[in-house]
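Be aware that the sequence shown starts at 1, since it is given in UniProt numbering, and climbs by one per residue.
A virtual CB, placed ideally from N, CA and C, is assigned to each residue, including glycine.
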Amino acid sequence: MDVDEFNAKATEAIPANVRMFSGCQDCQTSADVFNVSSFDMPSDAGPGGAGGACTNALLSSAYANSDISLVDLLKSMRDILGEKKYSQVPQLSSSRKLDLTSTWTPLLKDGSGVNRALLIGINYVGSNAELKGCHNDVVAMKTYLISQGFREEDMKIYMDDGIHENPTYDNIVAAFEWLVKNAGEGDNLFFHYSGHGGNEPDDNGDEKDGRDETLIPVDYQQRGQIRDDLIYQQLVVALPAGVQLTACMDCCHSGTVFDLPYIFVASQDSFQEDADTPVPEMTTNPSFSFQRVLKVAKKAYEMYQKGAGVQDIALTLKDEVTEEDKAALSKAAKGCLGKCAIA
């Protein structure tokens, strides 16, 4: 289809303005940094210590320049990661073709509705897949969002720290429902995830690379992974027009975990070198599938019409985990497939 037809179909399929920053491409892992002091953040920006490379590169860039454009934010993130010898490449994907020269802000400029944020950090405490920096990432992101106009009472925080609500499969799915519930025009939503990410064989034939990207809840050994199909149904197509959802995904294999129609990959050769070089633009995402939109939306709608709740819909869309999948997930956890600790 031509560009205009693609734009029209994308707007019809995903009414809301959804933006997702990811710390790496689908094929890459994302670093859990031993100490983020070298990211040059304000002294009161967070607890310091361990943290995710994506979260801290984004926050460091945003703190350094409050009027930074989207393209300069991504370039700054890429430069920071490159200077620290991380090979991961940040990306921005969206439901609309964004003007990359527009100013970065986690808020709608003219938003008259609510500002609501869901922050999830999972360290997998005591497991063989334990991480160190995900709780710190949540604290740092919370601090930044409050500085930008969000209120603590409009946030839900999930961490496996024995204090906050535990980020189990069921709790995360319920939190998705809370984030989007009754969302309407002018509302501004934010989702931050720091933890393990993975992928596993596509179970319904809607992934061109044959793999579903996933988030890994704290109880993954019992409940399995949260597939991108479920994320798409719960957080993307569930939102009406006039709502903005911004996501920051600090986990491995997260490049297209929201499966949005437009993308910009912040590789080194994507940025202008001189004034004569055109400003980079978002392009259509070659892995985006309108077939997926119709499949997921139709199935969820049919279940909703029959009275199913969000948990029932989530469980139905969730794959039946095979022994092969369980073995692959166990191997991934043991090899720390999610974030890879870097001293």
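Within a Cβ cutoff of 6 Å, which residues of the same chain sit near residue i, ignoring the five residues on either side of it in sequence?
i	result
GLN25	VAL89, GLY255
ARG227	ASP212, THR214
ILE122	CYS134, ASP160, PRO167, GLY195, VAL218
residue 349	This structure cannot speak to residue 349, because the chain is shown only from 1 to 343.
GLN28	GLN88
ASN56	VAL36, PHE39
PHE150	ASN115, ALA117
PHE190	PRO106, ALA117, THR246
PHE264	LEU92, MET282
ASP187	GLY113, VAL114, VAL243
ASP271	In the sequence as presented, Asp is not what sits at residue 271; that position holds Phe. Closer than 6 Å at Cβ, skipping near neighbours: LYS75.
GLN234	PHE176
Which residues bound the beta strand (DSSP E) around residue i?
i	result
PHE258	Neither: PHE258 is in no beta strand (DSSP E) and is coded neither H nor E.
MET282	No beta strand (DSSP E) contains MET282, which DSSP labels as neither H nor E.
TYR158	155-159
ILE231	Unbroken run through ILE231 is the alpha helix (DSSP H), 228-231; no beta strand (DSSP E).
Which residues share a DSSP beta bridge with residue i?
i	result
TYR193	ILE120, MET249
ASN199	GLU213
ASN115	ASN188
GLY52	ASP32
Output the boundary residues of the alpha helix (DSSP H) element that contains residue i.
i	result
MET141	134-147
GLN91	Segment 91-94 is the beta strand (DSSP E) holding GLN91; no alpha helix (DSSP H) there.
ALA13	3-13
ARG151	Counting along the chain, ARG151 falls outside any alpha helix (DSSP H), and DSSP gives it neither H nor E.
GLN222	220-223
Go ahead and pull the three-state DSSP assignment for residue i.
i	result
ALA31	strand
ASP187	coil
LEU59	helix
ARG19	strand
GLU213	strand
THR105	coil
ILE263	strand
SER127	coil
SER270	helix
GLY82	helix
ASN166	coil
GLN234	helix
ASN65	coil
GLN244	strand
CYS336	For CYS336, the predicted model reports a pLDDT of 37, less than 50, meaning its position is unreliable and no value from the coordinates is stated.
LEU100	coil
LEU239	coil
ALA175	helix
LYS181	coil
ASP72	helix
SER38	helix
ILE342	Because ILE342 carries a pLDDT of 31, less than 50, the predicted location of this residue cannot be relied on, and no value is offered for it.
If I measure Cβ to Cβ from residue i and keep anything under 7 Å in the same chain, skipping five residues before and after, which residues do I get?
i	result
SER60	PHE39, ASP40, MET41, ILE80
LEU70	LEU92, LEU98, LEU100, SER102, TRP104
VAL125	ASP160
TYR86	ALA31, ALA53
TYR193	ILE120, LEU215, MET249, ASP250, CYS251
ASN171	TYR158, GLU165
ALA10	SER95, PRO261
ALA175	LEU118, LYS156, TYR158
ASP137	GLY51, GLY52, THR55, GLY121, SER194, ASP250
Can you list, in chain order, the residues of its chain whose CB lies under 8 Å from that of residue i, leaving out five sequence neighbours each side?
i	result
THR143	ASP44, ALA45, GLY46
ALA140	MET41, ALA45, GLY46, PRO47, GLY51, THR55, ASN56, LEU59
GLY184	GLY113, PRO240, GLY242, VAL243
I want to check one thing, is the minimum distance from the CB of residue i to the heavy atoms of the ligand ATP below 7 Å?
i	result
ASN136	The ligand ATP is absent from the structure shown, which contains no ligand whatsoever.
> Are there three or more Cβ pairs, one per stretch, closer than 8 Å when the stretch 55-65 is compared with the stretch 256-265?
Replying inline: no
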